[in-house]
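Let me begin by presenting the structure, written as structure tokens, before commenting on it.
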Amino acid sequence: MMQVRAYIIHSSNDALAMACTIAIRYSTIRRQGYNSDADKKLAENAPNEIQVLDYRQQQYRLLPLLAASYAIFFSGKHVLARLKNIENQLVSGSTAITKTVVGDIHATTSALKSYATAFTADGIEDCRKACGGHGFLVSSGLVELSNTYLQSCTVEGDNYMLPQQVVKVLLKLIGAMQSGDAALLKDHKGTDMEYLIAPLMALMKENGGVPNKSRFVFPTTNGNAQDFLDVSTILEAFQHRSACLLLDVAMQLASNMAKSSAQQAWNDCLLGMARASRAHASYILLRDFYNGLKEEEEKSSSSCLGPNEIQVLSQCLTLLGLYWMDQYLEDFLQNQSISPGSIPHLRQAILDVMTKLRPDAVGLCDARDYSDFRLKSALGKFDGDVYPAIMESARRDPLNQKSADGGVGMGYDESLKKLIVGGIGEYKKGLSGTVSRL
Numbered sequence: 015m016m017q018v019r020a021y022i023i024h025s026s027n028d029a030l031a032m033a034c035t036i037a038i039r040y041s042t043i044r045r046q047g048y049n050s051d052a053d054k055k056l057a058e059n060a061p062n063e064i065q066v067l068d069y070r071q072q073q074y075r076l077l078p079l080l081a082a083s084y085a086i087f088f089s090g091k092h093v094l095a096r097l098k099n100i101e102n103q104l105v106s107g108s109t110a111i112t113k114t115v116v117g118d119i120h121a122t123t124s125a126l127k128s129y130a131t132a133f134t135a136d137g138i139e140d141c142r143k144a145c146g147g148h149g150f151l152v153s154s155g156l157v158e159l160s161n162t163y164l165q166s167c168t169v170e171g172d173n174y175m176l177p178q179q180v181v182k183v184l185l186k187l188i189g190a191m192q193s194g195d196a197a198l199l200k201d202h203k204g205t206d207m208e209y210l211i212a213p214l215m216a217l218m219k220e221n222g223g224v225p226n227k228s229r230f231v232f233p234t235t236n237g238n239a240q241d242f243l244d245v246s247t248i249l250e251a252f253q254h255r256s257a258c259l260l261l262d263v264a265m266q267l268a269s270n271m272a273k274s275s276a277q278q279a280w281n282d283c284l285l286g287m288a289r290a291s292r293a294h295a296s297y298i299l300l301r302d303f304y305n306g307l308k309e310e311e312e313k314s315s316s317s318c319l320g321p322n323e324i325q326v327l328s329q330c331l332t333l334l335g336l337y338w339m340d341q342y343l344e345d346f347l348q349n350q351s352i353s354p355g356s357i358p359h360l361r362q363a364i365l366d367v368m369t370k371l372r373p374d375a376v377g378l379c380d381a382r383d384y385s386d387f388r389l390k391s392a393l394g395k396f397d398g399d400v401y402p403a404i405m406e407s408a409r410r411d412p413l414n415q416k417s418a419d420g421g422v423g424m425g426y427d428e429s430l431k432k433l434i435v436g437g438i439g440e441y442k443k444g445l446s447g448t449v450s451r452l
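Okay, here's the thing in structure tokens:
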């Protein structure tokens, strides 16, 4: 079960990356609106219309999705490697695989499967919408891609049920901390939830009672967008967000059980559990992305990524972190790790990173090396010859083929012809409209 979830997580990066490839390639070919220096461009014999991808709104829709596809790739790789390692140790009879370790990988696969598949499904749909009317075409490739992928949100655990599995495991960590069981806490070393221990300790009193507000506050040393460009600080913010939301669930559950049944108390906490699971998954995705790039950087000459590639992917990591902070801003405001006054700096930082990434957007898509055969898209063709490809796909449609007797198309002679020829559909003077059997 966990292995199947791991494969679903890993395959999500391909589905999202293919959708981004189609939408971003098309957004560089499609031009709409004129530059303010149109006369100058015309004199230079250069296109004077704006590429759709140059609009900030289009960048905000597509570039974070592209960055997320790389994050999901690294997390899928990490989860599969962990499962393989656990399998090898179990086969060898190792006693290092404890219930805590098994519970942790169960929570990780559940959280990532729930969040990554929902994010990918929504992302594919956003890519389709970003292609405008042409995104509706079957020949866009996005319709089939979406329909094929959507089942991933339900199989191996519905995305609205899995967060309960995640929180059940994470709440045991809070119980271990409250009981002061040092041996049990030691079992969490090396697990994916180990990062929660430090921020939870900072949130809780010594007796394991109620939390204080988050001890972490996003530094505002520069007082501008530069404050939000440090990846390690972004990761720390996501750690504290996850810890705060988890502790909120624990407190709400304890409060509810004092005045209602355990079943009703659990039911009333489901929305908070979904938020806590989402926070846990998003931190793991960012952390695995960061660690994956760090490993490639340490490989140096043996890595397939050079310094330039790592720099661009690091910008993707920064953009994804800032994008999720902006999307779930209420979580960070609630735990007071971000002040309302710093929100404009956060959003300016997003604009700055998108400006840096814009020249490499198509290259990041091409790096995935999806062939035209695999994409099955007229909009995402590698050579950019989009509009002839759309026309060719229309010509190949069976409804546009000539009928056996040389008519316009199948069904025309039987149905449409009699409505518009022979007087049936002709306009008659003195009558309102046309004479028709309809």
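Take 15 as the starting number for the sequence shown in my numbering and just add one per residue.
For every residue, glycine included, the Cβ atom is placed at its ideal position computed from N, Cα and C.
Annotated three-state conformation of Q46 is strand, per DSSP. Annotation: the continuous beta strand (DSSP E) that includes I64 extends over 63-65. Across the structure, Q73 and T205 are spaced so that their CA atoms are roughly 36 Å apart. Taking every protein chain shown into account, the CB of L104 has fewer than 16 other CB atoms within 10 angstroms, so this residue is exposed.
N62 and Y48 have their C-alpha atoms spaced approximately 6 Å apart. The beta carbon of C283 lies closer than 6 Å to those of V263, Q266, L267 in the same chain, with the five residues before and after it left out. When DSSP reads this structure, M271 sits in no beta bridge, so it has no partner.
Contact between the region 355-375 and the region 386-404 is absent: fewer than 3 CB-CB pairs across the two stretches fall below 8 Å. Excluding its 5 nearest sequence neighbours in each direction, M15 has C-beta neighbours in its own chain below 7 Å: E170, listed in chain order. Here M218 carries a strand assignment [DSSP, helix/strand/coil]. In the structure shown, G117 falls within a helical segment according to DSSP collapsed to helix, strand and coil. When C-beta atoms of the region 236-250 are compared with those of the region 300-310, three or more pairs fall below 8 Å, so the two segments count as touching.
Each residue's CA atom was taken as its position, placing M175 and A31 some 26 Å apart. In this structure, L79 sits near C34, with a CB-CB distance shorter than 9 Å. By the neighbour-count criterion, in which 16 or more other beta carbons inside 10 Å mark a residue as buried, L365 falls on the exposed side.
Setting aside the 5 residues that flank it on each side, Y129 is surrounded in the same chain by R292, A295, each with a C-beta closer than 6 Å to its C-beta; the list follows chain order. Runs of the alpha helix (DSSP H) lying entirely within the region 288-370, each at least 4 residues long, are 321-341, 343-348 in chain order.
The three-state reading of DSSP puts F242 in helix, counting H, G and I together. Secondary structure at E170: coil, using DSSP grouped into helix, strand and coil.
DSSP, reduced to helix, strand and coil, places I111 outside both helices and strands of the structure shown, so it counts as coil. Going by DSSP, K200 is part of the alpha helix (DSSP H) stretching over 196-201. Judged by pairs of C-beta atoms under 8 Å, the region 354-364 touches the region 232-240, as three or more such pairs exist. Between S429 and L343, the alpha-carbon positions lie close to 57 Å from each other. With contacts defined by Cβ atoms closer than 9 Å, N270 and Q362 do not form a contacting pair. When the beta-carbon positions are compared, L319 and E311 come within less than 9 Å of each other. DSSP places Y384 outside both helix and strand once states are collapsed to three, so it counts as coil. Between the region 112-130 and the region 192-207, the count of C-beta pairs closer than 8 Å reaches three or more; the two stretches touch. A257 places its beta carbon less than 9 Å from that of L217.
D345 and R409 have their C-alpha atoms some 51 Å from each other.
Setting aside the 5 residues that flank it on each side, L336 is surrounded in the same chain by F242, I248, L360, A363, I364, V367, each with a C-beta closer than 8 Å to its C-beta; the list follows chain order.
Cβ neighbours of I188 within its own chain (closer than 6 Å, five residues either side excluded): A264.
Secondary structure at S106: coil, using DSSP grouped into helix, strand and coil. The DSSP-derived three-state label of M207 is coil. Around the C-beta of M287, 16 or more other C-beta atoms lie within 10 Å, and the residue is accordingly described as buried. Judged by DSSP secondary structure, P233 falls outside any alpha helix (DSSP H); it is assigned neither H nor E.
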